[in-house]
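One point on numbering: in numbering that gives the first Met the number 0, the residue at position 12 of the sequence shown is 11, and numbering is uninterrupted.
Notes follow once the structure below has been shown.
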Amino acid sequence: MTDKNAAGGTSSSKIMLRPVIGLVEGLDPSQLKEITIDAILKHRILRDEACALFLELQKLESAQARPQEVSFAERGYIAAMIAVHAHQTALSTLLDVLGYIPEVPTRQLSN
0 MTDKNAAGGT SSSKIMLRPV IGLVEGLDPS QLKEITIDAI LKHRILRDEA
50 CALFLELQKL ESAQARPQEV SFAERGYIAA MIAVHAHQTA LSTLLDVLGY
100 IPEVPTRQLS N
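Here's what the structure looks like:
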């Protein structure tokens, strides 16, 4: 996160989601690891969905589609990217609590 300071410059600070910290506080390390791996897999799904929407938006723009179609596609892409960034904040918090980036096997989310 970038904040303006009094001099007009910027400084960088990390966002930590306290509710996420509270939810995983006291979990067994193996449980926390599994939750974090699931969050990584979910993040990849969200990212892939946003990428597909971006490609569709580019395709519509290149084809000079109707403005309503382009606008609808753009809103979908923006909403998908908001979800990606929001999830990234939660995932970053989980990774900080876990203390390392776990190896992520190629598998589906558990539940």
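Ideal Cβ placement from N, Cα and C applies to all residues, glycine included.
- In the structure shown, the three-state DSSP call for LEU94 is helix.
- Straight-line measurement puts the Cα of PRO104 at about 21 Å from the Cα of VAL83.
- In the structure shown, LEU26 adopts coil according to DSSP, grouped into three states.
- Looking at ILE81, GLN63, LEU59, HIS86, the one whose alpha-carbon comes closest to that of ALA72 is LEU59.
- Taken through DSSP and simplified to helix, strand or coil, ARG74 comes out as helix.
- The straight-line gap separating the alpha-carbon atoms of GLN57 and ARG43 is approximately 21 Å.
- One thing to note: LEU52 has its Cβ within 8 Å of the Cβ of GLY75.
- Apart from the 5 residues on each side of it in sequence, ILE39 sits with its Cβ closer than 6 Å to the Cβ of VAL103 in its chain, given in chain order.
- Ranked by Cα distance from TYR99, the options LEU16, LEU31, PRO18 are led by LEU31.
- Burial check for LEU93: the Cβ neighbour count within 10 Å reaches 16 or more, so the residue is buried.
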